[in-house]
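Visitor: The structure's right below; bear with me while I get my questions together.
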Amino acid sequence: MNVMEELKLQPSERVDDLLTHELRIIQSDEVFSFSMDAVLLARFASIPKRGRILDLCTGNGVVPLILSTRTEAQIDGVEIQSRLHDMASRSVKMNGLEERIRIVQGDLKTYYQEVGYEIYDAITVNPPYMKMLTGEHKLNSHQAMARHELGCTLEDVIVACKRLIRTGGKVSMVHRPSRLGEIVSMMREHKLEPKRIRFVHSRIDQEANMVLIEAIRDGKPDLRLLPPLIVYNENNEYCEELLQIYYGPKVGRDK
């Protein structure tokens, strides 16, 4: 029996190409499919060549899979939903990365009780963006938990990062710009000093719809505001930087 036969795709699941390093991922529009924010986070984050990396709210494992192309470090992904944990675990196996990536089903609020304090060199997180009383209410349970603060709040996420990141380690997050004030305030309250911020705009004449932020545990105040990333150019096509993020260098991209 080959790997594909062992995967046992569930109804609504499919296998998609991650467009880098021949990686593939299991997705489902009914359960979870990653979006641009996860890819941007995985490329934005400063990560060590070796050591231990943690991805919280890992979903179907897209961030650990992409991070594996940038580092030789051990990568752990934590996901509270059993269905998503299963999808992520099968994607890791499909790509032959079981020795590099470990997917854990667990609650980020209590994960430190399993592994201990301050053990990771870098943490990435793409948390639910919306508070419980906002946004769509016609989502299924998987989508609702991924988008709304049902399983964890923003502060829960930041407290978890504080507990798990070592002094000098880096925490990278993608979120909505409207909550940037809360993020910066809570990070500083919990000894995570923001160091780099980058806004993402769909078009040059539109407000930002995403923000990438990186903080250092016990760092000194010294915040850099990076140039914005504009997704679409004047021809309504992806900008060159975004094409490189997704597809790599321009040579050979038009195959």
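424 is the number of the first residue of the sequence shown in our numbering; add one for each residue after it.
Glycine included, C-beta positions come from ideal geometry on N, C-alpha and C.
What does a CB cutoff of less than 6 Å around Gly482 pick up in its chain, not counting 5 residues either side in sequence?
Guide: Correct list, in chain order: Phe455 and Leu507.
Visitor: Could you tell me which of Pro551, Ala496, Gly539 and Val582 sits nearest to Ala545, measuring between CA atoms?
Guide: Ala496
Visitor: Could you say which of Ser514, Ile627 and Leu464 lies nearest to Asn658 if we only look at CA atoms?
Guide: Ile627
Visitor: Tell me the rounded alpha-carbon separation between Leu615 and Ile668.
Guide: 27 Å
Visitor: Taking the alpha-carbon positions, what's the Gly558 to Arg523 distance?
Guide: Its pLDDT being 49, under 50, Gly558 is placed unreliably by the model, and nothing is read from it.
Visitor: Can you find the residues in the same chain that come closer than 7 Å, C-beta to C-beta, to Pro617, ignoring five residues on each side of it along the sequence?
Guide: Same-chain partners within the cutoff: Val607, Met610, Ile636, Ala638 and Leu646.
Visitor: Excluding five sequence neighbours on each side, which residues of the same chain lie with their C-beta closer than 8 Å to the C-beta of Leu632?
Guide: Checking the sequence, you will find Asn at residue 632 rather than Leu. Same-chain partners within the cutoff: Arg599, Pro600, Val623, His624 and Ser625.
Visitor: If we ignore side chains and look at the alpha-carbon of each, how far apart do Arg473 and Asn656 end up?
Guide: 36 Å
Visitor: Could you compute how far the alpha carbon of Ala468 sits from the alpha carbon of Gln536?
Guide: 25 Å
Visitor: Take Cys480 as the anchor and find which of Gly591, Asp579, Arg621 and Arg589 has the nearest alpha-carbon.
Guide: Asp579
Visitor: Starting from Gly642, trace the beta strand (DSSP E) both ways and give me its first and last residue.
Guide: Looking at the DSSP string, Gly642 is not in any beta strand (DSSP E), and its letter there is neither H nor E.
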